[in-house]
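Accompanying notes for the structure given below.
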Amino acid sequence: MFRYRSLQLALILLCASQVAQGQDAASFSLEGTNWQLTRLTVPGGFEFVPDDPGKYVLNFRSENRLTGNSDCNRILGSWHQEEEGAVYFEPFAAGRSLCPPGSLHNNFALYMRSVVAYERSDEMLVLTTTIDGVVLEFEQR
């Protein structure tokens, strides 16, 4: 009896694992999720890590509304999740306040306008753009 239950539990765990692996990371909906920037990679392989990830936030609201922050500026716009792994922001607007030295605002706002794809896991979101070498990495808030 014990051996049968152990085998049954092992089969259940194996099936659950295969189902989880079969779900493409891009198949998750972004609606209702909130993310903060952990790394920005730009052409040439240069990486920028925000001093405070909470200053660079994306909130994927219902009805395709996008809100958030880019350092000292607010972000507003719409997000569109189309085919698997495809996403873009249109319109995308960010405030134009002059942020303190060391801010990633200008690069962040610029590259967000060029986003075309994403990969998502439970705790990470990676956005790629039309510009080779640009990657924006986020963690869930």
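For the sequence shown, the tail end lands on 260 under the numbering used here, and the numbers increase by one without skipping.
Just so it is clear, CB atoms sit at the ideal spot from N, CA and C, and this is done for glycine as well.
Please read all numbers here as calculations on a predicted model, not as lab measurements.
Taking a C-beta distance under 9 Å as the contact criterion, Asn192 and Ala228 qualify as a contact pair. In the DSSP assignment, Leu229 falls within the unbroken alpha helix (DSSP H) covering His224 to Met231. In this structure, the straight-line span from the alpha carbon of Thr157 to that of Pro169 is close to 6 Å. Leu185 and Gly221 have their alpha carbons spaced roughly 25 Å apart. With contacts defined as CB atoms closer than 9 Å, Trp198 and Asn188 fail to qualify as a contacting pair. Taken in chain order, the unbroken stretches of alpha helix (DSSP H) that lie wholly in the region 160-248 and span 4 residues or more are 224-231.
Distance from Gln259 to Glu242 at the Cβ level is roughly 5 Å; contact confirmed, criterion being Cβ atoms closer than 8 Å. Here Gly196 is buried. Its C-beta has 16 or more other C-beta atoms within 10 Å. Look at Leu149 here: in three-state DSSP terms it is coil, with no helix or strand label. Put simply, the backbone Cα of Ala212 is about 14 Å away from that of Asn226.
In chain order, Tyr230, Ser233, Val234 and Val235 place their CB closer than 7 Å to the CB of Thr248, counting only its own chain and leaving out the 5 sequence neighbours on each side. Judged by DSSP in its simplified three-state form, Val254 adopts strand. In the assembly as shown, Leu223 is a buried residue. Its beta-carbon has 16 or more other beta-carbons within 10 Å.
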